[in-house]
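Okay, structure first, notes after.
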Amino acid sequence: MLNVNPDTVCRLIELAQAYHVREPANIPNEDNNTVDDWSQNMLDDHKDNTSYEEFETIIKDLEPDQQHEVVALLWLGRGDYSLEEWDSTVKLARQQWSPETAQYLIDHPLLADYLREGLELHGYECD
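So the number in this note's numbering is just where the residue sits in the sequence shown, counting from 1, plus 105.
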């Protein structure tokens, strides 16, 4: 049974997807067609992108044991551990905890997929 609210994890999944779809902003080349420049820059990251800030806030607002479970869900969904090893996986996440949990999580480009898979293994689905 999870101590972290599955709805919270679903929100983290949404934010991770929004964050990882972004690309670093680039300056259009004057030699290129402006239409090409527009299509290249549609997904560029801009200062108004707040997905990471919200992601980090949610993680920091979680109780430590809930943060451990989110990390354990990542590992479970990635296939590092099985559901039968859940308690020991959470214990390992507790031992390896750092204040940089949000950054550790978001550094995984497939985080949304891993969290979703981890939730599904626990019997939960995001709408």
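Ideal placement from N, C-alpha and C gives every residue a C-beta, glycine not left out. It should be emphasised that the depicted structure is a prediction, and the values quoted were computed from it without experimental measurement.
Tell me which same chain residues have a C-beta within less than 7 Å of the C-beta of Y157, skipping the five on either side of it?
-> Y124, I211
Please name the residue, chosen from G223, P214, Q208, K165, that lies closest to V195 on a Cα-to-Cα basis.
-> G223
Beta-carbon contacts of T206 that lie in its chain and below 7 Å, excluding the five residues immediately before and after = I164, Q172, V176
Is it buried or exposed for L179, if we count other Cβ within 10 angstroms and need 16 for buried?
-> buried
Within 10 angstroms of its Cβ, does L285 collect 16 or more other Cβ (buried), or is it exposed?
-> An answer regarding residue 285 cannot be provided, because it is not within the stretch 106 to 232 covered by the chain.
Assuming L220 contacts L117 (C-beta within less than 8 Å), just tell me the rounded distance between them.
-> 6 Å
How big is the Cα-Cα spacing for C231 and E225?
-> 9 Å
What's the call for V126, buried or exposed, on a 16-neighbour Cβ count within 10 Å?
-> exposed
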